[in-house]
Amino acid sequence: MATLLISDLHLHPGAPAITQGFLNWLDERATGAEALYILGDFFEAWIGDDLLDLGDADPTGNAPLARRIAEALKRLADQGTAIYLMHGNRDFLLGERFAREAGASLLPDPSLVTLGDERVLLMHGDSLCTRDEAYMAFRAQSRQAEWQAQVLAMPIGERIELARQLRDQSGEANSNKAEDIMDVTPDEVVASLQQHGVTTLIHGHTHRPDVHELEVDGRPARRYVLGDWQPERGWEIVAAPGEGLTLRDFPLPGQ
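If you count by UniProt numbering, then the sequence shown holds residues 1 to 255, one letter each, in order.
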């Protein structure tokens, strides 16, 4: 039984092809998997688990989408696949209620897991981009429990507007940043591997899928970067018994 890892689907009502492609992928690819790890930015935005209460009354369309996704994940979990959700920089307010209704467990960032016979470090990846000082300052603020509690106490309409503003600000800021600033800091990658005593790292966030060979304390190491999903293509890492880790892209089922 294989374990599957994905990241950066950025699900939202404006990208129905990705949503349907993911649902098809769950049925055609993930069914029978031992485990599924979703390493952040599963949703383009998440304003709080009480979004699930809005149903079709949600003017943004996110509530029915979230309900549909939760139900699909729960069906997979009920068939025996363990599902793990990690927060990303877009959906860091994803909470225990959604995880419970999806039959999933929230996974800390970073986390050490065993894939096959190897200990592997899993991260979303945004914490590795330390050269982006403005983002790192926002990240530190947005991960504070007090800040999150203040946001979640706001009326849903205000949270929807805040999410829109943050997305617009992020897009404008990123358009003016050098490409290397938005990528990981190599020294931070090495430090993270050293801190956790492993030689394999898997993350998403940068939308730059690749497998990077490096060296940590004289030992060969690898950094696997998951790609972001597009209407016509998805990315996954497959951890199969006796086969190690394989990064692959694929046409989305049904496209």
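Glycine included, C-beta positions come from ideal geometry on N, C-alpha and C.
For residue j and residue i, believed in contact at Cβ under 8 Å, the rounded distance
| i | j | result |
| --- | --- | --- |
| Ala82 | Glu34 | 7 Å |
| Val216 | Gln194 | 6 Å |
| Val238 | Ala57 | That belief does not hold up - the Cβ atoms of Val238 and Ala57 are roughly 40 Å apart, past 8 Å. |
| Met123 | His203 | 4 Å |
| Leu90 | Phe43 | Residue 90 is actually Arg in this sequence, not Leu. Right, the Cβ-Cβ distance comes to about 7 Å (below 8 Å), so this counts as a contact. |
| His205 | Gly40 | 7 Å |
| Glu213 | Leu5 | Actually they do not touch by this definition, with Cβ atoms about 19 Å apart. |
| Thr199 | Ala163 | About 38 Å separates the two Cβ atoms, so there is no contact after all. |
| Leu106 | Leu121 | About 17 Å separates the two Cβ atoms, so there is no contact after all. |
| Asp8 | Asp228 | 4 Å |
| Arg223 | Val189 | 6 Å |
| Glu232 | Pro251 | 6 Å |
CB contact below 8 Å: residue i versus chain B
| i | result |
| --- | --- |
| Pro13 | The question asks about chain B, but that chain is absent: this structure has only one protein chain. |
Limits of the unbroken beta strand (DSSP E) element including residue i
| i | result |
| --- | --- |
| residue 265 | The displayed coordinates of the chain run from 1 to 255. Any statement about residue 265 would go beyond what the structure contains. |
| Thr3 | 3-6 |
| Ala35 | 35-39 |
Residue i - containing alpha helix (DSSP H), residue span
| i | result |
| --- | --- |
| Phe22 | 16-25 |
Residue(s) in a DSSP beta bridge with residue i
| i | result |
| --- | --- |
| Arg248 | Glu236 |
| Leu54 | DSSP, once it has assigned bridges, lists no residue as partnering Leu54. |
| Phe43 | Leu11 |
Legend entry - At least three beta-carbon pairs within less than 8 Å, the stretch 10-30 to the stretch 138-146: no
Inset, instruction - Could you name each continuous alpha helix (DSSP H) segment of 4 residues or more that falls completely within the stretch 70-155, going from the start of the chain to the end? - result: 96-101, 133-142, 145-152
Legend entry - In chain order, each alpha helix (DSSP H) run of at least 4 residues that lies wholly inside the stretch 185-235: 186-196
Inset, instruction - Spell out a yes or no on whether the stretch 127-144 and the stretch 12-21 are touching, meaning 3 or more CB-CB pairs, one atom from each, closer than 8 Å. - result: no
Legend entry - Contact between the stretch 46-56 and the stretch 89-97 (3+ Cβ pairs under 8 Å): yes
Inset, instruction - Check whether the stretch 109-117 touches the stretch 54-70, counting contact only when three or more Cβ pairs, one atom from each stretch, lie closer than 8 Å. - result: no
Inset, instruction - Check whether the stretch 98-107 touches the stretch 69-78, taking contact to mean three or more Cβ pairs, one atom from each stretch, closer than 8 Å. - result: yes
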